[in-house]
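First up is the structure itself, then whatever we jot down about it.
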Amino acid sequence: MNPEVEFVLNTFAFLLWGALVMWMAAGFTMLESGSVRTKNASVICLKNIGLYSIAGIAFYTIGYNLMYTDVQGLIGKLSLFYSPSAEEVALVEGADNAAAVVAQHDYATMSDWFFQMVFVATAASIVSGALAERVNLWAFFIFTVWLTAIVYPIVGAWTWGGGWLAELGFMDFAGSSIVHGTGGWAALAGVMVVGARMGKFRADGTVKETPPSSVPVVTLGVFILWFGWFGFNVGSQLALGSAGDAIGMAHAAVNTNLAGAAGVLAAIAVARPILRRFDLFAALNGAIAGLVAITAGPDMVNHYWAIIIGAVGGVVCVAAIRLLDMIRVDDVVGAVPAHLFAGIWGTLAVAITNPEADVWIQLLGVVSIGAFVFSVSFLAWKLLETTIGARVSDRVERLGQDVAELGIEAYPEFVLMPEMDDEEA
Amino acid sequence: MNPEVEFVLNTFAFLLWGALVMWMAAGFTMLESGSVRTKNASVICLKNIGLYSIAGIAFYTIGYNLMYTDVQGLIGKLSLFYSPSAEEVALVEGADNAAAVVAQHDYATMSDWFFQMVFVATAASIVSGALAERVNLWAFFIFTVWLTAIVYPIVGAWTWGGGWLAELGFMDFAGSSIVHGTGGWAALAGVMVVGARMGKFRADGTVKETPPSSVPVVTLGVFILWFGWFGFNVGSQLALGSAGDAIGMAHAAVNTNLAGAAGVLAAIAVARPILRRFDLFAALNGAIAGLVAITAGPDMVNHYWAIIIGAVGGVVCVAAIRLLDMIRVDDVVGAVPAHLFAGIWGTLAVAITNPEADVWIQLLGVVSIGAFVFSVSFLAWKLLETTIGARVSDRVERLGQDVAELGIEAYPEFVLMPEMDDEEA
Amino acid sequence: MNPEVEFVLNTFAFLLWGALVMWMAAGFTMLESGSVRTKNASVICLKNIGLYSIAGIAFYTIGYNLMYTDVQGLIGKLSLFYSPSAEEVALVEGADNAAAVVAQHDYATMSDWFFQMVFVATAASIVSGALAERVNLWAFFIFTVWLTAIVYPIVGAWTWGGGWLAELGFMDFAGSSIVHGTGGWAALAGVMVVGARMGKFRADGTVKETPPSSVPVVTLGVFILWFGWFGFNVGSQLALGSAGDAIGMAHAAVNTNLAGAAGVLAAIAVARPILRRFDLFAALNGAIAGLVAITAGPDMVNHYWAIIIGAVGGVVCVAAIRLLDMIRVDDVVGAVPAHLFAGIWGTLAVAITNPEADVWIQLLGVVSIGAFVFSVSFLAWKLLETTIGARVSDRVERLGQDVAELGIEAYPEFVLMPEMDDEEA
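Chains as they are written, first to last, in numbering that gives the first Met the number 0: chain U, 0 to 424; chain W, 0 to 424; chain F, 0 to 424.
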């Protein structure tokens, strides 16, 4: 194939699939805003558009270079900003040097940056969902800077950046561990430090269900995520300049869809005997868990494996939701079950479907990413707790963050039921 | 053009336009969830994510092969699963056989599968909308298996699969009849067996309007469908590897948009004198009807015809809504008028705009697809009715499926008006 | 590169990015519908699907030719409809003339039409938002015809069509002034003629805040717009057939995202000391303002400039919102601050980042577009006011347009708080 055609196709694929991944930010926002109580639905909107904005600028400022520029085993280069090459600048300014540009790289420098940037936002979105309804906004935004400028780029340097895990042969095609695991571990650390919402876990060991503000909005969020996941997994082929790349993209699309579908059906199937009814939230979380599970290896050629991997992801997620309730960890949207637990499963499952993967190396990747992200996140949340405070005051939590922190309500004209606290009941 | 470039472009087009068609599943969900009464808005979400998941797995398991593999007039091959070719597998596993792969096919095998799979989900979504607010969830899911694994693939084998209708010259570019007609006939059979919602048709012949839970959500659904329709119609060019294909895609995009727009304006225009006011639901259904109508022939080169075809589609839909009310058929979202009636019009209209089409063959296609789909759907619904029951109990219907079957409400914190039954009024 | 490959890539880019711009219509609808009081949320839906439909047909009928066909300084040709070339028609009908088609143009004729058409709809959407909650629907639709068939095409003829401003060297890559400025000036003229909503500005000089019907829906709208903006700005490269074009698209994607992110953070930062709290609406308007500001020059190669331009856009927008309140101009969604003011800034800022741009020519462009669009829009609104009336009656405004004009409510089953008029309070 003509190298310039290859260059154009690779670049276009990064941009288009990357735009779809950006759209996932809307999915996370809707999922989270619909899942929380009405009194907190607006602050979620601010939190999510804020985190997406912070992630983009932090990754531009230092994150990308830490992750990809001159990675030496553990970490890349600490340097500001990221730019097209001099040859590329010359070309767009009118020079006749396309051949030189194309010889230099297979794609436009900044198209890859764009694709990588939307991934870091996903990791931050996962943290947001788990911590909804009580996290201090300032603390969350500061943590987002930490996560997107430093923590995620270091994990990325180990793996996609070519660092030590990559050298050992760790495989994570689109980031079951690198993205979803990182987000999940950071979320777990956050919920452990910040603590459960008031009244969530009763003294008698039972769990208080909190009403979602809008079930259709949650569902919309999941559909947005599913749609965007095609960008996430298919785009992670990272190239479109050959028949092999195009076939790889096709396989990623097919496996992604089969795994999501299987996650839905498996989660419905296992939740039903427990609850004795259909469980919509199991289905929705099952979709995400199936999608997360396939994310580590959506390039497999035996597509029925995608069904198995997605289905197990759905089951793992339903079980993990129960587990977190039992150990009294309050993760509002089920982010840890769907992203972390299903992501661990998916990362290990690559050893089943990809003969080049080694299960011990996969496990080493899971454990080392987990140990690193969890510990630096835990420390960060502890530091935030002891300085500016990691959670809002009881008064704000009771009143709702919308009114207390934004001065608005999500649905100001609608008459709402008064919330029944256990102590009042 | 270099055959490998052609292969890549064809494949990429399938994947990208296919992802847009997947997004239509969200559109159907929002349209239906916003259209029903609040007490049923959550179960619609489960029904739709469930049907999308079932459709994908059923089509993978046997549907695609029935539709496309070795079709002999009536039906393809009954065999499990679908896979890339051995040469493709070898290529993605590292062999240097791109030339052989490209010589074998014009596109990645699984990219076509992906594009076809999202179409079958659309047919199932149409059934869902018509049957909202009273269909038994189990019955609906079982019917979805029947529709997506067997019924739709057989219709597809007759036509796109190269079977008897294709041999006669039947033309249906993106599926006004094959997809929307199939969904519409199955929906019509369903509503006839399942029956109208309680109290919908009063003894005095008048019709009780049921309040939509959220008008903006319905509107969002229609916009999602319109956006996704570019995938549906433009992608149905099925190739991007030549200037002619690119031009065909451009024409499909232009005609699709003009027809949708004309459907909106025509529906508003005809609904206004009847109601003496602007009618938003006519506009929204008119958009869908215009889009359905153009779907059989969006490749025409005289684009003003798209305006006419879309406008007539909008008028047909408004008239059919009235007709269904008169004959006391309860189709909650107007799926039969918008998809079936406008689809019939669109299929016949191909004979006007495409000199290669024969109106009698088009009519034969409409009638034979209708006779087949309606009868096997009617039988299936009857069978479901007499075994597990096709509709929920009166108690569940009165209470709402959300609380009765899912144990949740769509908007639990909001205060709702008590529903006024006629007997109570 | 093979010219046929170039033709295909250029065409595909127009179609795909154009479809994303179409999706912005949904974003404007959600933003506006969520921002207004519940009593007007449905009529917004009708207004927006109506304007999108009118814009598409008006631009097909005469707008495109006025803008692009044989432009002589001020205006193009007045002729009906727009069509593919005879050679293109021959090709899709089976002729073997691909080489001739490709030699004639770099892209399919109608793919460019499609991409331009979705832009005109954006301009009309901007007007809609500013005038919400009191504009007469008929008047708005008639104005939309005027704007999309005549006014916007004339501005376009001056610039993108190659007319006098283009000849002077005016630069506006994706339309900060040509699209957003035109929409903004037309909106400003509209709000000045139509006047503020009842009770919006109190006699004592204070401003009555009106409650948004749904904050999550507004947020969804902004995310849709951000996503669609990749189509808007990246697609405005207008070609994908070379490495230079691909790089240009990559830069547009990166700068667009950085500017939107910076707009969010800057708007939060400046709004906070004023309000002493986080301001979600500042963040959301800041996103749009940042995106509008970068739209005139998203092709710059020093990406940190995108952060500065977006941030200033966000600040300009927050300040302009205060200004409009002070001069008692009632723009419901902040369309004039976000689209017009940030658009002026962005158009001028091109002189900073692009050495080929001249700040005086940029200013001339801003002023001449403003003078033209404002005056012909003002006249049109005045004419509408004196003939059919530009706003609804007090009774309709008080009751809400949904019930009065559509006969439906947006959320009929929900119990709403009675609106407190000042006189009643």
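We put the beta carbon where it would ideally sit given N, CA and C, even for glycine.
Computed from a prediction, not measured in an experiment: that's the story for all the values here.
Reduced DSSP category for residue i - H, G, I as helix; E, B as strand; rest coil
i	result
U:Q236	coil
U:Q400	helix
U:F415	Just to set this straight, residue 415 of chain U is Leu in the shown sequence, not Phe. Note: U:L415 maps to strand in three-state DSSP.
U:I74	strand
W:R275	coil
F:F118	helix
F:R390	strand
F:F200	strand
U:V206	strand
W:V328	coil
W:V134	strand
W:S110	helix
F:W225	helix
F:I407	coil
F:W159	coil
F:N1	coil
F:P215	helix
F:M23	helix
U:D105	coil
Selected residue, minimal CA-CA separation from residue i, among the options
i	options	result
W:A389	W:W380, W:V365, W:S32 and W:P354	W:W380
W:E193	W:M21, W:R327, W:V7 and W:P336	Contrary to the premise, residue 193 of chain W reads as Val rather than Glu in this sequence. Closest by alpha carbon: W:R327.
U:R321	U:A266, U:A292 and U:P354	U:A266
U:V300	U:G313, U:V335 and U:T255	U:T255
W:F13	U:A409, U:A249 and U:G369	U:A249
W:R275	F:E404, F:E408 and F:M116	F:E404
F:V221	F:E418, F:N1, F:L30 and F:T10	F:L30
F:A261	U:N1, U:L50 and U:M21	U:L50
W:G26	U:D298, U:F280 and U:L219	U:L219
W:D171	W:S212, W:N232, W:W112 and W:W184	W:N232
U:V70	U:C44, U:A156 and U:E5	U:A156
F:V291	F:L264, F:K199 and F:G180	F:G180
W:V20	W:K76, W:P2 and W:V119	W:V119
F:V206	F:A195, F:V214 and F:D357	F:A195
U:S32	U:W137, U:G312 and U:N47	U:N47
F:I273	F:L90, F:V317, F:T10 and F:S213	F:V317
Buried versus exposed, by CB contacts within 10 Å (16 or more), residue i
i	result
F:Q361	buried
U:M325	exposed
W:P152	buried
U:A92	Note that residue 92 of chain U is Glu in the sequence shown, not Ala. Counting Cβ neighbours within 10 Å, U:E92 comes out exposed, since fewer than 16 surround it.
U:G72	exposed
W:R201	exposed
F:S392	exposed
F:G204	exposed
U:D329	buried
W:G227	buried
U:P83	buried
U:T346	buried
F:A424	Its pLDDT being 42, under 50, F:A424 is placed unreliably in this model, and the coordinates cannot settle the point.
U:T28	buried
contact_flag[the region 406 to 418 of chain U, the region 34 to 43 of chain U] where n(CB pairs < 8 Å) is 3 or more: yes
Contiguous alpha helix (DSSP H) assignments of at least 4 residues, all confined to the region 43 to 98 of chain W: 63 to 67 and 85 to 91
Complete runs of the alpha helix (DSSP H) confined to the region 250 to 321 of chain F [at least 4 residues]: 279 to 293
Stretch pair the region 350 to 364 of chain W + the region 330 to 341 of chain W: three plus CB contacts closer than 8 Å: no
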